[in-house]
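Residue numbers (this note's numbering): 194 to 605.
So the structure is just underneath, and the comments pick up after that.
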């Protein structure tokens, strides 16, 4: 038949064996290695295994994307053998009729990864969501979250490219490749993560931001999600939100001289203490470690932060305010109101403009201790950054300014 001639030609060209599928006795346990939906979709059949190698019958072994997807699902090495297309289709139907109800592939992903707001997830209700609900996608995402938690990752990157897809974890400040699922699963993975973060799964043209909370063990963990459309799909970044961040200054990674400088600055009754450093170097956690030390019954502490840090760290006894640009509650506005609230200590999440800088320095010059952060790589750069914002040099000097530069270390 034409199918046989084609199979023989492909086998000879690629130097792969041709198998008479009718002569093979199929093993039910081997069939369970691949989900029945994938078998039907790709017209492949697992026929036997040897060690960690799974031999699959396929009519077109040049279809690398199919082989990659099978490898992704089975976590096994894949060897293709050529089978005539018409015979393979008939054997697949017979095999699935016998083993249909039992062929549900499940990974050994942990059952203790559960989305907290299950109702919100169910309400999304789109075609993309139904695709993302397929067991293998859900299990894979759960496994990535579980592995990230176990490895102590700070950020997870899901990245689509033209020829491949990869998942990377940032551990100790360094990105490491953890998994390379088939590139064809890019949209399904994006849809699943959007569902979990409560985002619009049908929107692929603009960036989106969301949050998710998962149950893990006896507690829960929050993630902040960022989705960015790229040339070959949507890149998703999940950042852990450290609601239970350890605020013990002894384990924050300071050198002894840095730590003592910070503690000395915190003992001042008034003035300004700046924790400086590049993005994601631990400035916010360091600020709250300082506030945690100062948080006593005899002092009134108020903090103003962006939306994310305010939900990351909760300190009983501290008046925490969240910036809301839509209602006009800016950093500067909050600080002005704090001054009517009889504060002893004020924490400002970030000095990012002249108005905030001026009112922050005014607070430091009027008998309050003010803690804040600034993007700068060292102490001299901190002064330059403040001047660049337009703050007069004499104001900086009068604020009793004591910069505490925070260099990025592997401990934060």
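Beta carbons: idealized from backbone N, C-alpha and C, even for Gly.
The structure presented is a predicted model; accordingly, all values stated were derived computationally and were not measured.
Residue i burial status per 10 Å Cβ neighbour count (16 or more: buried)
{"i": "residue 453", "result": "exposed"}
{"i": "residue 607", "result": "Residue 607 cannot be examined here, being either before or after the span of the chain that is shown, 194 to 605."}
{"i": "residue 374", "result": "buried"}
{"i": "residue 536", "result": "buried"}
{"i": "residue 401", "result": "buried"}
{"i": "residue 418", "result": "buried"}
{"i": "residue 283", "result": "exposed"}
{"i": "residue 443", "result": "exposed"}
{"i": "residue 254", "result": "buried"}
{"i": "residue 234", "result": "exposed"}
{"i": "residue 533", "result": "exposed"}
{"i": "residue 457", "result": "exposed"}
{"i": "residue 560", "result": "exposed"}
{"i": "residue 476", "result": "buried"}
{"i": "residue 662", "result": "What is shown of the chain runs 194 to 605, which leaves residue 662 out entirely."}
Distance CB(residue i)-CB(residue j) smaller than 8 Å
{"i": "residue 368", "j": "residue 359", "result": "no"}
{"i": "residue 251", "j": "residue 223", "result": "no"}
{"i": "residue 524", "j": "residue 516", "result": "yes"}
{"i": "residue 491", "j": "residue 562", "result": "no"}
{"i": "residue 483", "j": "residue 522", "result": "no"}
{"i": "residue 552", "j": "residue 528", "result": "yes"}
{"i": "residue 215", "j": "residue 280", "result": "yes"}
{"i": "residue 544", "j": "residue 487", "result": "no"}
{"i": "residue 433", "j": "residue 414", "result": "yes"}
{"i": "residue 246", "j": "residue 270", "result": "yes"}
{"i": "residue 219", "j": "residue 263", "result": "no"}
{"i": "residue 540", "j": "residue 445", "result": "no"}
{"i": "residue 228", "j": "residue 329", "result": "yes"}
{"i": "residue 363", "j": "residue 383", "result": "no"}
{"i": "residue 514", "j": "residue 496", "result": "yes"}
{"i": "residue 485", "j": "residue 508", "result": "yes"}
{"i": "residue 393", "j": "residue 371", "result": "no"}
{"i": "residue 342", "j": "residue 447", "result": "no"}
{"i": "residue 420", "j": "residue 387", "result": "yes"}
Close-in-space but distant-in-sequence residues of the same chain around residue i (CB under 7 Å, 5 per side omitted)
{"i": "residue 397", "result": "422, 427"}
{"i": "residue 583", "result": "547"}
{"i": "residue 256", "result": "none"}
{"i": "residue 288", "result": "219, 224, 238"}
{"i": "residue 530", "result": "none"}
{"i": "residue 656", "result": "No answer is possible for residue 656: it lies beyond the span of the chain, which begins at 194 and ends at 605."}
{"i": "residue 317", "result": "For residue 317, the predicted structure reports a pLDDT of 42, less than 50, and the residue's modelled location is therefore unreliable. The matter cannot be settled from this model."}
Cβ shell of residue i (< 6 Å), same chain only, five flanking positions each side left out
{"i": "residue 557", "result": "464, 465, 563, 592"}
{"i": "residue 258", "result": "377"}
{"i": "residue 549", "result": "524, 525"}
{"i": "residue 237", "result": "249, 251"}
{"i": "residue 334", "result": "385"}
{"i": "residue 498", "result": "542"}
{"i": "residue 355", "result": "425"}
{"i": "residue 242", "result": "223"}
{"i": "residue 286", "result": "none"}
{"i": "residue 578", "result": "567, 569"}
Close beta carbons around residue i, own chain, < 8 Å, minus the five adjacent residues each side
{"i": "residue 565", "result": "465, 466, 467, 468, 480, 540, 541, 542, 543, 544, 553"}
{"i": "residue 357", "result": "373, 376"}
{"i": "residue 573", "result": "none"}
{"i": "residue 399", "result": "422"}
{"i": "residue 266", "result": "227, 228, 231, 298, 329"}
{"i": "residue 586", "result": "580"}
{"i": "residue 472", "result": "568"}
{"i": "residue 519", "result": "none"}
Just checking, does the segment 331-351 make contact with the segment 424-431 on the three C-beta pairs under 8 Å criterion? yes
Taking the runs of the beta strand (DSSP E) that are 3 residues or longer, which of them lie wholly in the segment 462-528? 464-470, 494-498, 512-515
Complete runs of the alpha helix (DSSP H) confined to the segment 251-291 [at least 4 residues]: 257-267
Return the chain-ordered ranges of every beta strand (DSSP E) run that is complete within the segment 325-382 and spans a minimum of 3 residues. 348-353, 358-364, 367-372
3 or more residues per run - each beta strand (DSSP E) lying fully within the segment 549-586: 562-568
Within the segment 384-459, ranges of the alpha helix (DSSP H) (whole runs, at least 4 residues): 449-459
Unbroken stretches of the beta strand (DSSP E), 3 residues or longer, contained in the segment 213-253: 237-243, 246-251
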